[in-house]
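Reading through the structure tokens given below for one structure.
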Amino acid sequence: MYSITEAFKKAFVLILNLDPELLGIIFLSLKVSGLALLIATLLGLPIGAFMGMKRFPLKGIIVNILNTFMGLPPVVVGLFVYLLLSRSGPFGFMGLLYTPSAMVIAQTILAFPIVASLSNSAIIGVDPVIRQASMTLGATRSQVTIAVIKEARYGIISAVIAAFGRVMAEVGAILIVGGNIAGYTRVMTTTIALETDKGDFELALALGIILLSISLIINSTIHLIQKKGEAGINR
Amino acid sequence: MNLELTASNVYKSYNGNQVIRDCSYSFDMCDIYILTGPNGSGKSTFLRICALLENPDRGEIEYSSEQRVLKKDLELRRRITLVLPRVGVFNASVYRNISYGLAIRGIKGGDFREKVNRMIEFVGLRNKKDQNALTLSSGETQRLGIARALIIEPGILFLDEPTTSVDQANTGIIEDIILKMKEEHKTTVVVATHDKDQAKRLGDKVLMMNDGKIIPT
Ligand SMILES: Nc1ncnc2c1ncn2[C@@H]1O[C@H](COP(=O)(O)OP(=O)(O)OP(=O)(O)O)[C@@H](O)[C@H]1O
Ligand SMILES: [Mg+2]
């Protein structure tokens, strides 16, 4: 019988010793999720901004779809990407299944609606008078857009951080498309799932502690940013 | 070079509600015009149309300089400015707000800083320079709005209720700024206001707007 205190002790030893396997797993997690986040932001921010500032047909429906996709179940995304990338799928020839690239693709799909939808809300929330003011001061169209995006900056940063939190914590999608191959596609969440299954709790606990710390950091950062965004606003 | 503005037979409606109807007026060189009239008579709408923020449904807004009619391009837009009744302060420092017009025109360097600092001084906001502009009082916010507009050295300046909800002292400061603009920079200024005395203190010409139309007084 494994004692919980024993497991915690060993977990801390792993963390304090900067165990190479542990570090490798953390590093891969950050790399996969970070890259997915970067791509999702590069796509999602312009799209969110565009939807916030322009009128076009079917806009309401698209916004609704994006909002719904914010809550996409990761396993469903995993299944979908799996079908696309598996050998018999349309992109099977690229041989991406069970690689970190497949994991990045799956997490990008998870992060994109969050970045797009939340930055869209942030931009819609900007007082319309800002747009008029920058126009009266001689801004070109793109300068007006930049001024509005700048006003929404705190909301946009929160959107990106929220998306990061979601992809860091998910396990369903990357487990399906990454395959949990040791030293290659094994990340924090999938390792926790596997090690727990095997009954080896020390590595799982060590990663759990780190994952929780990352969540804590993410949440306090969002909180701080929102505080800063509101700071000094009298109205 | 000064700008002259002629509005001829301007019409504007919102959702079938006729706000400006057959409004015509010529604003000549370097005067201060006071635009008064009851609530909802269309003053703000007319100013937005004159400042090229909105297009009229019918009629013509024409800017000219030395008898030449100007194209309504970015260059012209950059010589006209309107301070809105709600100023539209950016969530940034006073300095950043006031320098915005220069920044978007690609002006840089020592010249830039000197101009901004001079303008901050001019409207008496020196000790607020690094403060977030959203924390300013109403009077200070109006001064900020005016400074932000003046820094681009407009040929024509529209002010929409610059002293509503501003105390006497600040009103005095703002009126002095307006008078100085006319004298030193030969800027044409159009002020929409409900303050009858302000009209007397500032106005070369007092215009009355009623039911979407400027009527001679
Ligand atoms: N964007 C808009 N959409 C719909 N109606 C508008 C819009 N802008 C102005 N109006 C209407 O036009 C009318 C004139 O408004 P405007 O703001 O020009 O009046 P005003 O003379 O400036 O009034 P006040 O003295 O109260 O500032 C009002 O009835 C207003 O409801
Ligand atoms: Mg008005």
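Residue numbers (this note's numbering), protein chains in the order written: chain B, 0 to 234; chain Y, 28 to 244.
The C-beta atom is built at its ideal place from N, Cα and C for all residues, glycine as well.
- Contact between the stretch 75 to 90 of chain Y and the stretch 32 to 43 of chain Y is established, with three or more Cβ pairs separated by less than 8 angstroms.
- Counted as a single uninterrupted DSSP element, the stretch harbouring ASN154/Y is not any alpha helix (DSSP H), since DSSP gives it neither H nor E.
- Taking a cut-off of 5 angstroms from the heavy atoms of ligand 1, the residues with a C-beta inside it are TYR41/Y, VAL46/Y, ASN66/Y, GLY67/Y, SER68/Y, GLY69/Y, LYS70/Y, SER71/Y, THR72/Y.
- When C-beta atoms of the stretch 105 to 113 of chain B are compared with those of the stretch 69 to 78 of chain B, three or more pairs fall below 8 angstroms, so the two segments count as touching.
- In the three-state DSSP reduction, LYS223/Y falls in the helix class (H, G or I).
- Chain order gives the chain Y residues near LEU136/B as THR108, TYR127, GLY128, ILE131, ARG175, ALA176, ILE179, where near means a beta carbon separation below 8 angstroms.
- Counting only Cβ-Cβ distances below 7 angstroms, GLN131/B has contacts in chain Y at LEU80, LEU111, GLY115, in chain order.
- Under DSSP, TYR41/Y forms a beta bridge with ASN44/Y.
- Around the beta-carbon of PRO112/B, 16 or more other beta-carbon atoms lie within 10 Å, marking it buried.
- Residues of chain B with a Cβ closer than 8 angstroms to the Cβ of LEU62/Y do not exist; the shortest Cβ-Cβ separation is about 17 angstroms.
- Among the bridge pairs identified by DSSP, ILE3/B is matched with none.
- Ranked by Cα distance from VAL170/B, the options ILE38/B, SER2/B, VAL31/B are led by VAL31/B.
- Around the Cβ of ARG104/Y, a 10 Å sphere holds 16 or more other Cβ atoms; the residue is buried.
- Cβ-Cβ distances below 7 angstroms link ALA101/B to VAL80, LEU84, LEU95, VAL176, GLY177 in the same chain, with the five nearest sequence neighbours on each side left out; the list follows chain order.
- At least one heavy atom of ligand 2 lies less than 8 angstroms from the C-beta of GLU188/Y.
- Fewer than three Cβ pairs drawn from the stretch 194 to 201 of chain B and the stretch 39 to 54 of chain Y lie within less than 8 angstroms of each other, which leaves the two stretches out of contact.
- The shortest C-alpha to C-alpha distance from PHE68/B to any of GLY91/B, GLY43/B, GLY228/B, ARG86/B is the one to GLY43/B.
- The closest heavy atom of ligand 2 lies less than 8 angstroms from the beta carbon of PRO112/Y.
- If the five residues before and after ALA115/B are omitted, its C-beta is found closer than 7 angstroms to the C-beta atoms of GLY43, ILE46, GLY47, LEU65, all from its own chain and listed in chain order.
- Taking the beta carbon of ASN42/Y as reference, no residue of chain B falls within 8 angstroms; the closest one sits roughly 16 angstroms away.
- The C-beta distance from PHE54/Y to LEU32/Y rounds to 4 angstroms, short enough to fall under 8 angstroms.
- Residues of chain Y whose Cβ lies closer than 7 angstroms to the Cβ of GLN225/B do not exist, since the nearest Cβ in that chain is about 13 angstroms away.
- Chain B places no beta carbon closer than 9 angstroms to that of ALA196/Y, leaving this residue out of the contacts.
- Restricting attention to alpha helix (DSSP H) runs no shorter than 4 residues, the stretch 152 to 192 of chain Y encloses them at 165 to 177, ordered along the chain.
- Taking all protein chains shown into account, TYR183/B has fewer than 16 neighbouring C-beta atoms within 10 Å of its C-beta and is therefore exposed.
- The beta carbon of ALA226/Y sits no closer than 8 angstroms to any heavy atom of ligand 2.
- A straight line joining the alpha-carbon of PHE200/B with that of ILE160/B spans about 29 angstroms.
- Using beta-carbon distances, VAL128/B counts as an interface residue toward chain Y, with a partner under 9 angstroms.
- Using a Cβ distance threshold of 9 angstroms, PRO189/Y and ILE179/Y do not count as a contacting pair.
- When only Cα atoms are considered, ASN119/B and GLY154/B end up about 9 angstroms apart.
- MET167/B sits close to THR188/B, with the two beta carbons spaced by under 9 angstroms.
- Annotation: VAL193/Y to CYS77/Y spans about 25 angstroms, alpha carbon to alpha carbon.
- Look at ILE59/Y here: in three-state DSSP terms it is strand.
- Judged by DSSP secondary structure, SER157/B falls within the alpha helix (DSSP H) whose first and last residues are 152 to 168.
- Cβ contact annotation for VAL62/B (same chain, cutoff 8 angstroms, sequence separation greater than five): MET50, SER116, ASN119, in chain order.
- Closer than 8 angstroms to some heavy atom of ligand 2: that describes the Cβ of ALA219/Y.
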